[in-house]
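**Student:** Per our numbering: the sequence shown = residues 52 to 486. Each residue gets a CB set at the ideal place from its N, CA and C atoms; glycine is no exception. Being a predicted model, the structure only gives us computed values, none of them experimental.
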Amino acid sequence: MKTSLKKIKSLSYSLITLFVLLGNIMFSILIYNQNYNAELLSFNANSSLISNYVFSIDALDYKVLTQYTSNDFQIILGTKKTENVISYGNLFDQNTSHDIRSWAYNTAVSKYNLGRSIHNSTTSLPSSNFISFKETYQQTPLLVYYYEDPVTANTLTIIHTLHAFHSRTQRAIIIFLFLSILLMILLFIVSHIIIKMAMKPIEETQMRQNDFISAASHELRSPINVIMSSLSVLDSAKNNPSIFARHYNIALSECRRMSQLIDNMLILAKTNKQDISANYTSVSPDTLVKLCYQKYTPVVSEKGLLLQMELPADPMPKCDIDVNLTMQILAILIDNAISYTTHGSITLKTYTDNKYIYYSVIDTGTSIPENMKTKIFEKFYSCDKSHTDKTHCGLGLSIALDLLYICHGDIQISDNPEGGSIFTIFFSKRSEQSL
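1. Quick check on residue 478: does DSSP put it in helix, strand or coil?
2. Measure from the alpha carbon of residue 27 to the alpha carbon of each residue in 428, 448, 207 and 84, then state which is nearest.
3. Cα-Cα, which of 201, 120, 464 and 238 is closest to residue 50?
4. Buried or exposed: where does residue 113 fall if 16 or more other Cβ atoms within 10 Å of its Cβ makes it buried?
5. Check whether the Cβ atoms of residue 206 and residue 129 lie closer than 7 Å to each other.
6. Could you check the C-alpha separation between residue 275 and residue 368 for me, to the nearest Å?
7. Should residue 141 go down as buried or exposed, given a rule of 16 or more other Cβ atoms within 10 Å for buried?
8. Measuring alpha carbon to alpha carbon, tell me which residue in 278, 353 and 447 is nearest residue 380.
9. Of the choices 453, 135 and 180, whose alpha-carbon is the least far from that of residue 201?
10. So for residue 189, helix, strand or coil by DSSP?
11. Going by DSSP in three states, residue 400 sits in which element: helix, strand or coil?
12. Distance, Cα to Cα, residue 471 vs residue 456?
13. Can you tell me which of 309, 378, 328 and 318 puts its alpha carbon nearest to the alpha carbon of residue 340?
14. Report the partner residues of residue 199 according to the DSSP bridge assignment.
15. Would you give the residue range spanned by the alpha helix (DSSP H) that residue 343 belongs to?
16. In angstroms, rounded to a whole number, what distance separates the CA positions of residue 185 and residue 204?
17. Should residue 209 and residue 98 be called a contact, given that it needs their Cβ atoms to be closer than 7 Å?
18. Could you tell me whether the region 98-108 touches the region 242-251, using the rule of 3 or more Cβ pairs below 8 Å?
19. Select from 111, 109 and 143 the residue whose C-alpha is nearest the C-alpha of residue 123.
20. Measuring only the C-alpha atoms, how far is residue 302 from residue 386?
21. Can you tell me the Cβ-Cβ gap for residue 559 and residue 351, rounded? I've got them flagged as a contact below 8 Å.
22. Residues in its own chain within less than 7 Å of residue 347 by CB, not counting five upstream and five downstream?
23. Helix, strand or coil for residue 118, going by three-state DSSP, please let me know.
24. According to the neighbour-count rule (16 or more other Cβ atoms, all chains shown, within 10 Å of its Cβ), is residue 298 buried or exposed?
25. Could you tell me the distance, in whole angstroms, from the CA atom of residue 172 to the CA atom of residue 116?
26. Excluding the five sequence neighbours on either side, which residues of its own chain have a C-beta within less than 8 Å of the C-beta of residue 154, listed in chain order?
27. In whole angstroms, give me the CA-to-CA distance for residue 145 and residue 151.
28. Once you ignore the five residues that flank residue 161 on each side, which residues in its own chain have a CB closer than 6 Å to its CB?
29. Around the C-beta of residue 100, are 16 or more other C-beta atoms found within 10 angstroms, so that it is buried, or is it exposed?
30. In whole angstroms, give me the CA-to-CA distance for residue 314 and residue 450.
31. So, for residue 77: in the same chain, excluding its five sequence neighbours on each side, which residues have a beta-carbon less than 8 Å away from its beta-carbon?
32. If we define contact as Cβ-Cβ less than 7 Å, is residue 73 a contact residue for chain B?
33. If we call anything under 7 Å between Cβ atoms a contact, is residue 158 one with residue 139?
34. Just tell me which of 156, 75, 360 and 261 has its CA closest to the CA of residue 225.
35. Taking the alpha-carbon positions, what's the residue 375 to residue 364 distance?
36. What is the C-beta distance between residue 388 and residue 414, in whole angstroms, given that I count them as a contact (C-beta under 8 Å)?
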């Protein structure tokens, strides 16, 4: 089970890492595409403005053209009648601008089907005489706008380097990755806390199950060892009735103890699986005390103790009570009181108020230390490790608590002023009618 929990944690962390990595990749691609599309739209818009200006007037104004140029923008003007070009911008010198124009034209014709050579006037212009594209020139990524006037064959080449664009995009991606790393660290911390909180009940349940199995195995092994030891003596004690009877009774007592332990474990299993449900009957609360008094008087007397009842002076009105479960709970509390009381008395008490029905089992036996008043409800727990009564295996109070949960009840433990303990269970009144 521990291995499975570790696998679940590892899988959760792996999924978070994978999710963040995929998110980083997808978002980086999205950032690049969005920035590139914005860059391309801006480039095409500026190129159209420049083209409209260049081919709509007779005399070009240098100041107007230079306002469109920058450190990453170049305007190259040329004509089919001469190899000379006029270049505006700081990206390339005059000679390089000539080479760039030739490269731009050849690329437009060969890769983008522009369809006309500026050196061959016999080739007719296609219907589309401009093109915009992205290419790499001498390891430099460029956006290129190429236009040729269909009448004069004058050409306009606009070059925009993407170095600045790449730098901006890289900065944006680096910032995003940095934030993503911070987010991933935060996710790991939060997921670790959440997974730890989610796993804690499972781990605690697993630990309780392991402790229960270990304790149950020990409790079952003890009577089995005693039974085996007694049975081994019986064969050699056939001719000695007293020894035979003693070991026979020991084996029988341990069988009964083991049977009771198994019954208790089955009850616990049913309560854990919620196979037991409350079944309410209208009955007077003192009826259950009277039944317990009749049942346990001989048992208590046999141990030299006094069993008493403490009932209200007036008749108690009927209430809806699960008689079977309440009797089981009272039986557990009475058995526990008998087991831990060596002298004095055990008192059964019931009373009601406006909200609750109360049952108390009061003994004059061993007081329970304050720090153990919650631990005694743990499975296989005994507050007195030296206790010699082996008829109790430490499951009774745990079963009582589970049965109380089914009945929507609760339990309180207090000290008896005369010595001993007071166990009080109480339930909400479901209904009440006068007799």
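**Tutor:** Here's the rundown:
1. strand
2. Outside the modelled stretch of the chain, which goes from 52 to 486, sits residue 27, for which no answer is possible.
3. Lying outside 52 to 486, the shown extent of the chain, residue 50 is not represented and no answer is given.
4. exposed
5. yes
6. 49 Å
7. exposed
8. 447
9. Residue 201 has its Cα closest to that of 180, out of 453, 135 and 180.
10. coil
11. Reduced to three states, the DSSP call for residue 400 is strand.
12. Roughly 25 Å between the two C-alpha positions.
13. 378
14. 206
15. 336-353
16. 23 Å
17. yes
18. no
19. 143
20. 22 Å
21. Residue 559 is absent from the model: the chain starts at 52 and stops at 486.
22. Shown here for residue 347: same chain residues with a beta carbon closer than 7 Å to its own, the five before and five after excluded, namely 358 and 385 in chain order.
23. coil
24. buried
25. Residue confidence for residue 172 is low, a pLDDT of 39 falling below 50, so the modelled location carries little weight and cannot support an answer.
26. 188
27. Approximately 10 Å, taken between the alpha carbons.
28. none
29. exposed
30. 11 Å
31. Around residue 77: no qualifying Cβ.
32. The structure shown contains no chain B; it is built from a single protein chain.
33. The answer is no: Cβ separation not under 7 Å.
34. Per the Cα distances, 75.
35. In a straight line, the C-alpha of residue 375 is about 25 Å away from that of residue 364.
36. With 8 Å as the limit, residue 388 and residue 414 qualify as a contact, their Cβ atoms being about 4 Å apart.
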